[in-house]
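First up is the structure itself, then whatever we jot down about it.
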Amino acid sequence: MPLIERHPILDFKHDGKVEFTFDGKAMEGFEGEPIAAALHSNGVKIYRETPEMKRPRGFFCAIGKCSSCFMVVDGVPNVRTCVTPLRRGMAVLTQRGRGSVSIAEGEARR
Amino acid sequence: MNPAVREAEILVVGGGAAGLCAAAEAAVAGARVLVLESDLHLGGQLVKQTHKFFGSKDEFAGTRGFKIAGKILDEMASCKDKIETVTNANVMGYYPEDGVVTVMVGEDEYFKVKPARIVMATGAQERLIAFPNNDLPGVYGAGAVQTLMNVYGVSPGDRVLMVGAGNIGLIVSYQLMQAGVQVAAILEAMPNIGGYWVHAAKIRRLGVPILLRHTIKAALGDVVVEGAIVRSLANGETFKIDCDIICLAVGLSPTAEILWQAGCEMKYVPELCGYVPIRNARQRTTNDDVWVAGDAAGIEEASSAMVEGRIAGLDAAASLGYEIDESRFGVYEERLKALRSGETASRIRAGLARVSANGFLGGMTSDGFQ
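Next up, the structure:
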């Protein structure tokens, strides 16, 4: 979906363009906007797949409460992409299932 | 990670309309305030509103919502040495045995804070309704749609079906059109429009049908929304509407988890849309250290949330011994009374009568409960 360029009341800055990847594909967004907003403006609506029924899930509440937009960001699963700011070079992956972190990865992050 | 427990005189949980007013009021009275906001920015629902508010002049009637947030932030800036704000900070728990509050910042940073007093201004969350495929990407809450388009300037889609003709459904439909998005129709299961006629009239003038006694039967699409089946509740007729977004504006519930954890006495009040804490006329709950304000105290609207926040902030500061002008309470009480005086507020009045610890619209005592 495109960015809103013309609005009768609001003035959007849309500055601070950064690159990131979604499932390995290069995309552009704006530094500090939620990852989910950046994906949406790139036309991406499916953010994860549920563990049991394999249902597609996307954006829903946008306030970090509903778990619908969980994704794997820089190797960390279950990131609330609607309230996590986009940073340059982030690697964002569709989350399939519950997500896991290996013990070695967990240790490395401490 | 710093294991030290931070101190705060007044912790305000939630940096929206109610929380910011509570913080401003308490800081002006002299208290040191910490505001924790889960979103990436302060202002709550105010920053998403492009329309001019009604309400009263004192709560900035005639000013567009997003500008009201700016005015309150300016007020806070006038005592910025007293107020600290942290965004992207979620309050995770309250431990009644020692009064410690745990906080998560972002996804993996934690700290603890031990406040002397807390104002809970946690707001509300959106309700979902049941229909096949309601989990498909493209079925979005109305607040989420507002965030995407009015905060981040991202168009949510090309053509939206709005479910619900209360004020949120009407206002967000108009905002969608401001953002250049087509609104296919607004569905409303009730036989009448729930929101203000002035909002409904703006939408009808733009040619969008408001289908009363109609509901959504199913969302269509394999992996994302491609349309919806709509059903008339009057004659059972069904038909298809083409859309790529289904926006749900079917009501809100108070965000009350942290109030439960704090041991506040709670009551289910349908008129206030869920479980809300019993409180006195100064917004103090049955936990002596905890106040409540805004939608967390019952779903209402932003103007009264701001006044409730001011009362809570002022009373919390007074309870710490800060000298305040007692007559302010009377002023704020009058404003609330005015905001809640109309026909449309009769439901709110009925709800409030059920949670008031000692007479909500009068007979205030500052020393809690009898």
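Line by line, the protein sequences give chains A and B.
Going by this note's numbering, 17 is the number at position 17 of the first sequence; the sequence numbering is gapless.
Going by this note's numbering, 74 is the number at position 74 of the second sequence; the sequence numbering is gapless.
Built from N, CA and C at the ideal position, the CB exists for glycine as well.
Over the uninterrupted alpha helix (DSSP H) stretch that includes residue i, give me the two end residues.
i, result
"Met92 of chain B", "Not the alpha helix (DSSP H): Met92 of chain B falls in the beta strand (DSSP E), residues Ala89 to Tyr95."
"Ala27 of chain B", "Ala17 to Val28"
"Arg328 of chain B", "Ser327 to Leu339"
"Ser172 of chain B", "It should be noted that the sequence gives Val, not Ser, for residue 172 of chain B. Asn167 to Gln178 is the span of the alpha helix (DSSP H), which, as asked, contains Val172 of chain B."
"Leu148 of chain B", "Element bounds for Leu148 of chain B: n/a, residue is neither H nor E."
"Met76 of chain B", "Gly65 to Ala77"
"Val198 of chain B", "Trp197 to Arg205"
"Val100 of chain B", "Premise fails: Val100 of chain B lies in the beta strand (DSSP E), Val100 to Val105, not in any alpha helix (DSSP H)."
Please report the straight-line C-alpha distance between residue i and residue j, rounded to a whole angstrom.
i, j, result
"Leu3 of chain A", "Ser41 of chain A", "6 Å"
"Val113 of chain B", "Thr102 of chain B", "6 Å"
"Gly362 of chain B", "Ala200 of chain B", "Any reading at Gly362 of chain B needs caution, since the residue's pLDDT is 38, under 50, leaving its predicted position unreliable; the model's value is listed next. So the two alpha carbons sit approximately 35 Å from each other."
"Gly70 of chain B", "Tyr332 of chain B", "21 Å"
"Asp367 of chain B", "Asn88 of chain B", "Because Asp367 of chain B carries a pLDDT of 40, less than 50, the predicted location of this residue cannot be relied on, and no value is offered for it."
"Gln49 of chain B", "Ala104 of chain A", "46 Å"
"Ala189 of chain B", "Ile203 of chain B", "18 Å"
"Val250 of chain B", "Asp98 of chain B", "39 Å"
"Gly29 of chain A", "Asn235 of chain B", "48 Å"
"Ala262 of chain B", "Val79 of chain A", "27 Å"
"Leu339 of chain B", "Gly351 of chain B", "15 Å"
"Val76 of chain A", "Val5 of chain B", "27 Å"
"Ser102 of chain A", "Arg96 of chain A", "16 Å"
"Lys45 of chain A", "Met162 of chain B", "19 Å"
"Val18 of chain A", "Tyr275 of chain B", "43 Å"
"Leu252 of chain B", "Leu320 of chain B", "33 Å"
"Leu46 of chain B", "Asp39 of chain B", "13 Å"
"Ala379 of chain B", "Ala116 of chain B", "The structure shown has nothing for residue 379 of chain B, since chain B only spans 1 to 370."
"Ile324 of chain B", "Ala29 of chain B", "6 Å"
"Val100 of chain B", "Arg279 of chain B", "22 Å"
"Ser56 of chain B", "Arg98 of chain A", "49 Å"
"Gly313 of chain B", "Val35 of chain B", "12 Å"
"Ala256 of chain B", "Met53 of chain A", "30 Å"
"Ala26 of chain B", "Glu107 of chain A", "43 Å"
"Ala353 of chain B", "Asp135 of chain B", "37 Å"
"Phe66 of chain B", "Gly43 of chain B", "8 Å"
"Val380 of chain B", "Arg88 of chain A", "A query on residue 380 of chain B cannot be resolved here, the shown segment of chain B reaching from 1 to 370 and no further."
"His51 of chain B", "Ser100 of chain A", "44 Å"
"Arg32 of chain B", "Val86 of chain B", "14 Å"
"Arg64 of chain B", "Ala26 of chain A", "38 Å"
"Asp11 of chain A", "Ala179 of chain B", "11 Å"
"Gly294 of chain B", "Ile68 of chain B", "16 Å"
"Met1 of chain B", "Gly62 of chain B", "With a pLDDT of 45 at Met1 of chain B, under the threshold of 50, the modelled position of this residue cannot be trusted; read the value that follows with caution. C-alpha separation (whole angstroms): 46 Å."
"Cys82 of chain A", "Phe59 of chain A", "7 Å"
May I ask you to list the residues that DSSP assigns as paired with residue i?
i, result
"Ile245 of chain B", "B:Val160"
"Val307 of chain B", "Its beta-bridge partners do not exist; DSSP assigns none."
"Trp291 of chain B", "B:Val119 and B:Arg284"
"Tyr268 of chain B", "B:Tyr275"
"Glu84 of chain B", "B:Leu34"
"Thr215 of chain B", "B:Arg231"
"Leu93 of chain A", "A:Val72"
"Ile324 of chain B", "According to DSSP, which records beta bridges pairwise, Ile324 of chain B is partnered with nothing at all."
"Glu194 of chain A", "The requested residue 194 of chain A is not part of the displayed model; chain A covers only 1 to 110."
"Glu126 of chain B", "B:Leu252"
"Phe20 of chain A", "A:Met27"
"Tyr140 of chain B", "B:Cys247"
"Thr81 of chain A", "Looking at the DSSP assignment, Thr81 of chain A forms no beta bridge with any residue, so it has no partner."
"Phe239 of chain B", "B:Val230"
Which residue comes first and which comes last in the beta strand (DSSP E) that contains residue i?
i, result
"Phe111 of chain B", "Glu109 to Met120"
"Ile278 of chain B", "Ile278 of chain B -> no beta strand (DSSP E), and no H or E assigned at all."
"Lys25 of chain A", "Lys25 to Phe30"
"Ala36 of chain A", "Note, Ala36 of chain A: premise wrong, no beta strand (DSSP E); alpha helix (DSSP H) at Ile35 to Ser41."
"Arg6 of chain B", "Val5 to Val13"
"Val223 of chain B", "Per DSSP, Val223 of chain B belongs to no beta strand (DSSP E) and is neither H nor E."
"Leu187 of chain B", "Gln182 to Glu188"
Is residue i near the ligand NAP, in the sense that its beta carbon is under 7 Å from a heavy atom of that ligand?
i, result
"Thr215 of chain B", "The model depicted lacks the ligand NAP and carries no ligand whatsoever."
With a threshold of 8 Å, are at least 3 pairs of Cβ atoms found where one atom belongs to the stretch 278-296 of chain B and the other to the stretch 148-155 of chain B? No: the two stretches stay apart, fewer than three of their Cβ pairs being nearer than 8 Å.
For the stretch 69-88 of chain A, enumerate the residues whose C-beta is nearer than 9 Å to any C-beta of chain B, in chain order. Per Cβ criterion, the list reads Val73, Val76, Asn78, Val79, Arg80, Cys82, Val83, Thr84 and Pro85.
contact_flag[the stretch 13-25 of chain A, the stretch 85-96 of chain A] where n(CB pairs < 8 Å) is 3 or more: Cβ pair count under 8 Å is three or more, so yes.
At least three beta-carbon pairs within less than 8 Å, the stretch 141-148 of chain B to the stretch 223-234 of chain B: The stretch 141-148 of chain B is not in contact with the stretch 223-234 of chain B.
Could you run through the stretch 36-54 of chain B and flag, in chain order, every residue whose CB is less than 8 Å away from some CB of chain A? Result list: Ser38, Asp39, Leu40 and Thr50.
Going along the chain, which residues of the stretch 43-69 of chain A sit with their C-beta nearer than 7 Å to a C-beta in chain B? From the stretch 43-69 of chain A, only Lys45, Ile46, Arg55, Pro56, Arg57, Gly58, Phe59, Phe60, Cys61, Ala62, Ile63, Gly64 and Lys65 have a Cβ closer than 7 Å to chain B.
Does the contact criterion of 3 or more C-beta pairs under 8 Å hold for the stretch 261-275 of chain B versus the stretch 291-301 of chain B? With three or more CB-CB distances shorter than 8 Å, the stretch 261-275 of chain B counts as touching the stretch 291-301 of chain B.
Which of the residues in the stretch 13-42 of chain A, read from start to end, lie with their CB under 9 Å from any CB of chain B? So the close ones are Lys13, His14, Phe30, Gly32, Glu33, Pro34, Ala36, Ala37, Ala38, His40 and Ser41.
Below 8 Å, how does it come out for the stretch 58-72 of chain B and the stretch 16-30 of chain B: are there three or more Cβ pairs, yes or no? Touching, yes, given that three or more Cβ pairs across the two stretches are closer than 8 Å.
Cβ pair count under 8 Å reaching 3, the stretch 33-50 of chain A against the stretch 66-76 of chain A: Enough Cβ pairs lie closer than 8 Å, so yes.
Could you say if the stretch 108-125 of chain B and the stretch 207-219 of chain B meet the contact criterion of at least three C-beta pairs nearer than 8 Å? Short answer: they don't touch.
Report the residues of the stretch 105-137 of chain B with a CB closer than 8 Å to any CB of chain A, ordered along the chain. The stretch 105-137 of chain B vs chain A, Cβ under 8 Å: Gly106, Glu107, Asp108, Gln125, Glu126, Asp135, Leu136 and Pro137.
What are the residues of the stretch 147-159 of chain B that lie near chain A, defined by any Cβ-Cβ distance shorter than 7 Å? Thr147, Leu148, Met149, Asn150, Tyr152, Gly153, Val154, Ser155, Pro156 and Gly157: these are the residues of the stretch 147-159 of chain B whose beta carbon lies less than 7 Å from some beta carbon of chain A, given in chain order.
Contact residues within the stretch 199-217 of chain B, judged by C-beta distance below 9 Å to chain A: Listed by position, the residues of the stretch 199-217 of chain B near chain A (Cβ gap below 9 Å) amount to none.
Along the stretch 333-358 of chain B, where does the CB come closer than 7 Å to a CB of chain A? Name the residues. Cβ contacts with chain A come from no residue of the stretch 333-358 of chain B.
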